[in-house]
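Heads up: the sequence shown begins at 500 in my numbering, then just goes up one per residue. Glycine included, C-beta positions come from ideal geometry on N, C-alpha and C. What follows is a single structure, written as structure tokens, with notes after it.
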Amino acid sequence: MPALRLIFLSFLVGVWAAACGTDGRRPLPTPDLLSSGTGFRQAAVVCAHPLAAKAGRLALLFGGNAVDAAVAVHFALAVVYPNAGNLGGGGFMMYRPAAGQVYCLDFREVAPQAAHRTLFLDNKGRPVPGLSTETALAAGVPGSVAGLAEAHRRFGRLPWYWLLKPAVHLAEKGFPVTARQAEELNENAPLFRERNPKCPPFVAPRPEGWQAGDTLRQPELARALLGLAQEGPSCFYTGWIADSLEAWMRAHGGLITRADLQAYRPVWRRPLHVLLDTLDLWAPPPPSAGGLSVLQMLRLQSLLRWPPQSLHHPEMVWRYCHAAHLAFEDRYLYAADPDHLPVPVELLLDSAYLLRRYRTLELHRFAPWPGRGSAAFHESTTHFSIADAEGGLLALTTTLNDSYGSRLCVCGAGFLLNNEMDDFSVAPGVKNLYGLPGSPRNAVAPGRRMVSSMAPILVERRGRPFLAVGTPGGTTIVSTLYLTLYWTLVLNQPLEAFHSQKRYHYQALPDVLFHEEGAWSDSLAGRLRTMGLVLRSRAPIGRMDGLQRRDGLWYAAPDPRGDDAAEGF
Ligand code: GLY
């Protein structure tokens, strides 16, 4: 097939050029540049790393649909974006093929069969620090390989093997780390060394650490990817990778067995849907709580007919905080794995319910959640959006939970393990990595999926594909997506221009409005304080990578807060 060879060659040339010619620094685009955007006539992909975007473009160019491209992007990210790209994690995919029905695939990790409610507590019932984040016990049974394989089985068109080839190549030959990656890998080197008996490839081979442009090779991961490419997902769940993972778990005091891997199944779920005027919004249902929260907040916005106001207008911020408070409180009260406990999603999106809840909240502002709490934020997780040439649209968010997961690397197979078990409630009231208090409904139980904030979202306008959006950021996912959708759907602004807006986040516990540096002028900040809000600035929030259809083009909006990139044609 000469065309195939030509396209693959062009990809290799791209990889080669990147290896030789960039120091990985990407200056922050100015707001003007951002709002001019890049429009693609037929197909587009936007994700956390330029080389993964190229892998997606290649699949689209070769006639693949959005699911084919998602397979190529996902496995390329597992190599070039080890913070969150993964074989050892899980996620959610929303897909609207050209025919129009919207599908949701849940490939969230599950607790191993040997897991139990008190797994992370000592014999006095107190949480053991680090057990749910830094040890072999922190890993849920990975769902990503099964998820991507299931999406491909149902919708894919190009050969699975071919779609994984770029990832195999990037792992084997290596890729140039960006300046940001060099810094993050160097910061994490002590943890990689401390937690792994055999030093993983993420630690620089020389004492001064990584520098932008250095080549990161992952031979063990290349072997695992080649196994997956040749044998399919069985290699991971019943083949030699399953053997390696089980042996590794036994040696490190973990719980995951071959039986757990063999039993893992991704689940097609009925997506959540909200109709707002001419807009149809689609999001994953529980165990994603993020989708539900964003839709609750947007529905409230519409029911209460809040007037369109700039993102930083004090009244807008005040209403947002109330809506977020409601959403995070409902998450605590109701979110769970729906295969284990019923979650009343219809009620939670019902107009009368939302209005009643909101009015009560306005009367007793922020009263019901006692405690001060704190929140740490991690820009782990990653999201990509894809539009294909035949009219399909896809949004996929995937994660290892913390950046690089537990930093534990499976010997022989070269992939990092998630620490998703921390997303369970370790004990009632005990907070997870993102400061959320544990709810009894989200307790650890064998075979259960832990509640997630991940929320890839698709929007149709008058029945036609209009937006695909998503972001990392733990609990801040909810706020970044609410603000993105408010910006594009209520204020009718271009998606790309959203990136120059300073973001903010409120999750009720702690009772603090976190914001990016410079979000408000002194006088506006003063007004917010007189309204009773406590402000605290923090590092940049989220990496929203989305696509918007305007004037017959797909506009890609890679977030300049990371090394994110778009490709298309
Ligand atoms: N691990 C982050 C989340 O799923 O919300």
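Which residues DSSP lists as bridging residue i, in chain order
i: Ser884; result: Val545 and Ala894
i: Thr537; result: Ala1055
i: Ala1065; result: Val545
i: Arg694; result: In DSSP, Arg694 forms no bridge with anything.
i: Ala967; result: Leu957 and Leu1046
i: Tyr602; result: Tyr594
i: Val766; result: Asp605
i: Ala782; result: Leu771
i: Cys908; result: Leu915
i: Ser951; result: Ser787
i: Pro936; result: Lys930
i: Val816; result: Beta-bridge pairing links Val816 to no other residue.
Opening and closing residue of the beta strand (DSSP E) in which residue i lies
i: Gly1045; result: Gly1045 to Arg1049
i: Ser809; result: That residue, Ser809, is in no beta strand (DSSP E); it is neither H nor E in DSSP.
i: Ile956; result: Ile956 to Arg960
i: Tyr981; result: Tyr981 -> not in any beta strand (DSSP E); alpha helix (DSSP H) instead, spanning Thr975 to Leu984.
i: His1014; result: Leu1012 to Glu1015
Member of the options whose CA lies at the smallest distance from the CA of residue i
i: Val766; options: Pro971, Glu608 and Trp986; result: Glu608
i: Gln1047; options: Leu893, Ala610 and Val925; result: Leu893
i: Val1033; options: His1004, Gly1045 and Ile1040; result: His1004
i: Met593; options: Leu895, Pro665, Pro945 and Asn695; result: Leu895
i: Pro784; options: Ala610, Ala758 and Pro841; result: Pro841
i: Pro860; options: Glu1016, Arg1042, Trp817 and Ala835; result: With the sequence shown as reference, residue 860 is identified as Leu, and Pro is not the correct amino acid for it. For the residues Glu1016, Arg1042, Trp817 and Ala835, the minimum Cα distance to Leu860 belongs to Trp817.
i: Gly1045; options: Leu620, Ala1065 and Ala568; result: Ala1065
i: Val572; options: Ala554, Gly708 and Asn585; result: Ala554
i: Ala613; options: Asp776, Pro927 and Ala637; result: Ala637
i: Val958; options: Arg769, Gly712, Ala711 and Thr777; result: Thr777
i: Asp1063; options: Ala598, Thr677 and Met953; result: Thr677
i: Ser787; options: Gly629, Leu669 and Ser952; result: Ser952
i: Pro1039; options: Gly708, Glu1015, Ala610 and Gly1031; result: Glu1015
i: Met1043; options: Val977, Arg1026, Leu1008 and His821; result: Val977
i: Ala1007; options: Phe827, Asp713 and Glu707; result: Phe827
i: Pro699; options: Tyr903, Ala944, Leu988 and Thr1029; result: Tyr903
i: Phe539; options: Leu760, Ala888 and Phe606; result: Ala888
i: Leu797; options: Glu633, Leu988 and Leu586; result: Leu988
i: Asp567; options: Trp781, Ser938, Arg656 and Val929; result: Arg656
i: Gly708; options: Ala681, Pro696 and Tyr933; result: Ala681
i: Tyr736; options: Ala1018, Ala782, Ala645 and Thr1029; result: Ala645
i: Leu1101; options: Thr617, Gly1025 and Glu633; result: Because the chain is modelled from 500 through 1068, residue 1101 falls outside the range shown and cannot be assessed.
Inter-residue spacing [alpha-carbon to alpha-carbon] between residue i and residue j
i: Glu649; j: Ala721; result: 22 angstroms
i: Met949; j: Leu899; result: 13 angstroms
i: Leu810; j: Ser999; result: 12 angstroms
i: Tyr1054; j: Gly1061; result: 18 angstroms
i: Asp1021; j: Arg1035; result: 13 angstroms
i: Arg1049; j: Phe965; result: 8 angstroms
i: Pro596; j: Glu745; result: 37 angstroms
i: Arg858; j: Leu754; result: 46 angstroms
i: Gly673; j: Phe1013; result: 38 angstroms
i: Asp531; j: Phe997; result: In this prediction, Asp531 has a pLDDT of 34, which is less than 50 and means its spatial position is unreliable; nothing more can be read from the coordinates.
i: Glu919; j: Val702; result: 23 angstroms
i: Gly1067; j: Val570; result: 16 angstroms
i: Tyr981; j: Gly1041; result: 12 angstroms
i: Tyr819; j: Pro770; result: 24 angstroms
i: Ala670; j: Val627; result: 36 angstroms
i: Pro1057; j: Glu995; result: 8 angstroms
i: Tyr852; j: Leu791; result: 14 angstroms
i: Leu847; j: Phe619; result: 31 angstroms
i: Pro1059; j: Gly973; result: 19 angstroms
i: Tyr831; j: Ser743; result: 37 angstroms
i: Val925; j: Ser905; result: 16 angstroms
i: Gly962; j: Gly1051; result: 15 angstroms
i: Gln761; j: Ser733; result: 9 angstroms
First through last residue of the alpha helix (DSSP H) which encompasses residue i
i: Tyr594; result: Looking at the DSSP string, Tyr594 is not in any alpha helix (DSSP H); the run it does join, the beta strand (DSSP E), is Gly589 to Arg595.
i: His668; result: Trp659 to Lys672
i: Ser631; result: Leu630 to Glu633
i: Ala650; result: Ser643 to Phe654
i: Ser1036; result: Here Ser1036 belongs to no alpha helix (DSSP H); instead the beta strand (DSSP E) covers Leu1034 to Arg1037.
i: Val793; result: Gly789 to Leu802
i: Ala575; result: Ala565 to Val579
i: Thr677; result: Neither: Thr677 is in no alpha helix (DSSP H) and is coded neither H nor E.
i: Ser1022; result: Asp1021 to Thr1029
i: Met748; result: Trp739 to His751
i: Gln992; result: Here Gln992 belongs to no alpha helix (DSSP H), and DSSP marks it neither H nor E.
i: Tyr736; result: Ser733 to Tyr736
Using a Cβ distance threshold of 8 angstroms, determine whether the segment 568-581 contacts the segment 548-555, with at least three qualifying pairs required. yes
Given 8 angstroms as the limit, is there contact between the segment 561-579 and the segment 652-672, that is, 3 or more CB pairs closer than that? yes
Quick check: the segment 627-644 against the segment 912-919, are at least 3 beta-carbon pairs closer than 8 angstroms? yes
Count the C-beta pairs between the segment 690-699 and the segment 665-675 that are closer than 8 angstroms, then say yes if the count reaches three, no if not. no
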